[in-house]
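Trainee: Sharing a structure below in structure tokens format, with a few things to ask.
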Amino acid sequence: MTTNPILPTGSSGPRLGDSPVPEIIDELWEHRAELTAADHAPRESVLEALDLLDSGAATVAAVDPATDEVVVDERARRAILLSFRLFEVEESGVGPFRYRDRLPLKRRFDGVRVVPGAIARFGSHVARGAVLMPSFVNVGAHVGPGSMIDTWATVGSCAQVGANVHLSGGAGLGGVLEPVGAVPVVVEDDAFIGSRSMIVEGARVERGAKLGAGVLLTGNTRVFDAESGQELPQGRAPSRSLCVGSMRMRTFPGGEFGTPCLLVVRWLREGETLDKLRLDSLFREHGGAS
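Under this note's numbering, think of the first position of the sequence shown as 1213, with each following residue one higher.
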């Protein structure tokens, strides 16, 4: 008997809702060691599940508005992992470029601008109004409407990007497929991620947060309010905050060393919007030019 796989991370509490991914995926997962690329029916079931992710009808992770927790659809993640066992490596090409992979390139880009050099794998979703500069979007990732994935930026496997997000040049969102229980990176609506920043290990950028260039945010990064000195929840850029990367001095047996942290240098007012020039000016003012 299968159970609903959508659960708040780190919680055994109430489920968010039913997964749109077929229950057969759970059954296949239990017998995954026996499956091969010769198993036609299981392959079709996994293909159907990936198509749901590709179209946006299913997502690997989302924020539950009732609890503010990130919830993960483990059935969707299992479908991706099963594809690596059931799909054979095949050669493909786009113009002069050649590929050899188990997953084909994405073909569904309704209302999306895709600049030459952009790569998105089948099983990722890119919503209408988004723009992909030469960048990479991995399987299971979700890019919301109106978002910009700028040049050489990477949206890792199962990373979730909301609406009207700007992922600046060279920025990277870490991927996660294993281990089971690992939390995908989530970047919520209206966020800005500065150039060459890295958001990894289940870190979360909340709605409207703005991160300067070169920020490193992991699930365990300590976060501080520069004005009050208060420590905030780890691994999260708070909603409507302006953040830069910083260092916090710690004493070790070998001496005193700086360890990375995230510093909130300003809080944005509800409804306050910043154009790119104003944002750049604020980041330069606080030593975190975007």
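In this text, a Cβ means the ideal position worked out from N, Cα and C, and glycines have one as well.
Treat the numbers as computed from the prediction; the structure is a model and nothing was measured.
1) At which residues does the alpha helix (DSSP H) containing A1394 begin and terminate?
2) According to DSSP, simplified to helix, strand and coil, what is L1429?
3) Taking 8 angstroms as the threshold, find out whether the segment 1245 to 1260 comes into contact with the segment 1294 to 1301 through three or more Cβ pairs.
4) Could you please give the first and the last residue of the uninterrupted alpha helix (DSSP H) stretch that includes R1478?
5) Opposite Q1372 in the DSSP bridges: which residues?
6) If I measure Cβ to Cβ from M1213 and keep anything under 7 angstroms in the same chain, skipping five residues before and after, which residues do I get?
7) In whole angstroms, what separates the C-alpha of P1465 from that of H1354?
8) So M1459 and P1472 are supposed to be a Cβ contact under 8 angstroms. How far apart are they, rounded?
9) From L1265 to F1469, what distance separates their C-alpha atoms?
10) Quick check on N1432: buried or exposed, where buried means 16 or more other Cβ atoms within 10 Å of its Cβ?
11) Nearest-angstrom Cα distance between G1222 and A1394?
12) Helix, strand or coil: how does DSSP classify F1321 here?
13) Which residue's Cα is closest to the Cα of G1406: L1293, H1378, T1430 and V1388?
14) S1493 by DSSP, collapsed to three states: which one?
15) Counting along the chain, where does the alpha helix (DSSP H) carrying A1261 start and finish?
16) Quick check on R1310: buried or exposed, where buried means 16 or more other Cβ atoms within 10 Å of its Cβ?
17) Quick test of the definition: if touching needs 3 or more C-beta pairs under 8 angstroms, does the segment 1397 to 1411 touch the segment 1419 to 1431?
18) With C-beta atoms as the reference, is L1475 less than 9 angstroms away from V1456?
19) Which residue wins for smallest C-alpha separation from G1374, given the options V1306, E1239, L1389 and A1274?
20) Mapping DSSP to helix, strand and coil, what is R1419?
21) To the nearest angstrom, how far is the alpha carbon of E1443 from that of W1479?
22) Looking only at its chain, what residues have a beta carbon closer than 7 angstroms to the beta carbon of G1341, apart from the 5 residues adjacent to it on each side?
23) With DSSP as the reference, please indicate the residues paired to S1453 in a beta bridge.
24) Considering just the uninterrupted stretch of the alpha helix (DSSP H) at D1437, what are its terminal residues?
Mentor: According to the structure data:
1) Unbroken run through A1394: none, as it is neither H nor E.
2) Strand at L1429.
3) Enough Cβ pairs lie closer than 8 angstroms, so yes.
4) No alpha helix (DSSP H) contains R1478, which is instead part of the beta strand (DSSP E) from G1467 to W1479.
5) H1354 and V1398
6) Bear in mind that a pLDDT of 33 at M1213, under 50, signals an unreliable position, so the number given afterwards is only what the model happens to contain. Here the set comprises nothing.
7) Spanning the two alpha carbons is a distance of roughly 44 angstroms.
8) 6 angstroms
9) 44 angstroms
10) exposed
11) In this prediction, G1222 has a pLDDT of 41, which is less than 50 and means its spatial position is unreliable; what the coordinates show is noted afterwards. Rounded to whole angstroms, G1222 and A1394 show a C-alpha spacing of 9 angstroms.
12) In the structure shown, the three-state DSSP call for F1321 is coil.
13) H1378
14) helix
15) H1252 to S1267
16) exposed
17) yes
18) yes
19) A1274
20) coil
21) 15 angstroms
22) Excluding residues within five positions, the ones whose Cβ falls inside 7 angstroms are G1323, P1357 and G1358.
23) Assignment of beta-bridge partners to S1453 by DSSP yields W1479.
24) That residue, D1437, is in no alpha helix (DSSP H); its beta strand (DSSP E) goes R1434 to D1437.
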